[in-house]
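Note that the sequence shown ends on residue 223 in the numbering used here; no numbers are left out.
Some notes on the structure that comes next.
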Amino acid sequence: MPDFIERSLETALTNCSRVGEMSIRRINGGGFVLSHCDDGGRDDLQCLQNPEEAVEIARYDDAGNYRPLKTAPNLRHGWRLELVDLGELRRALDYFYPGRFALFNAWKANLLVTTTLRDTLNRQSGMYRVAAKISDEQVNQVVGDFCRSSDGCLRTILWKRDATGAPASTQLPPEKFDTSHDQTGDGEPVIPLLCQEPCNLLVAECRKAVKLEGAAPSAPE
Ligand code: SF4
């Protein structure tokens, strides 16, 4: 019998068939077929049937490069994953986009807590402590470049820059903060991939920006 999360997944899929770059299609008998959303018209896809196959699919991009950020818009093409029921679908989704569906449920129940970038940076230690020195102007630039949906990350940002409620970056379009928006740009109804707090990769980018600023030669007098 489906548990709460699986029933919630079934409800969410009533009105949409997209999660990130993944298309989800129901088949007769209660099963599902997952594929890359760009691969809808292809008949040469590698057919897979085990939800654990999602681990390997999600690991590398089309060029064979490791994907450190699973919500980056570079999901590998060329596969079709057939799953027998909601339980397998839930497992596969968690391999493709770890933790995102649990967060979606928390958000739907108004239980999701967000953390500002400043709070995230201020709690860093060791080599990442210096990242807290980043200026607001640099934050604007770094977040605008690193988190953008076109070539950075498909999550919808829910966190703020700091306790004043300033946006994460004014360089990102309003849709980047809109949970109903399809971040792939295809305009499909979606189960959003939510970003409730800045990730470690963004923290590393902030550190890099501070370090580069410190290493920049001073202007001649
Ligand atoms: S901070 Fe969030 S939106 Fe930005 S890259 Fe990391 S996971 Fe994606």
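Ideal Cβ placement from N, Cα and C applies to all residues, glycine included.
What you are looking at is a predicted structure, and each value in this text was computed from that prediction instead of being measured.
- The Cβ-Cβ distance between R28 and S37 does not fall below 9 Å.
- For L95 and F103, the gap between their C-alpha atoms comes out near 8 Å.
- One thing to note: L88 has its Cβ no nearer than 9 Å to the Cβ of V35.
- Shown here, W161 sits in coil according to DSSP, grouped into three states, outside any helix or strand.
- In this chain, the alpha helix (DSSP H) harbouring C208 covers 202–217.
- Per DSSP, L85 lies in no alpha helix (DSSP H) segment; the continuous beta strand (DSSP E) that holds it begins and ends at 81–85.
- Considered as a whole, the segment 57–143 harbours 81–85 as its complete beta strand (DSSP E) runs of no fewer than 3 residues, in chain order.
- Excluding its 5 nearest sequence neighbours in each direction, D153 has C-beta neighbours in its own chain below 7 Å: P75, listed in chain order.
- In this structure, W109 lies away from L156, with their beta-carbon atoms at least 9 Å apart.
- The segment 173–186 makes no contact with the segment 122–139; the number of CB pairs closer than 8 Å stays below 3.
- The chain-ordered list of residues whose CB is nearer than 5 Å to some heavy atom of the ligand SF4 reads C149, C155, R157, C197, P200, C201, L204.
- For T186, the CB contacts under 7 Å within the same chain, skipping 5 residues up- and downstream, are E23, C39, P75, L156 in chain order.
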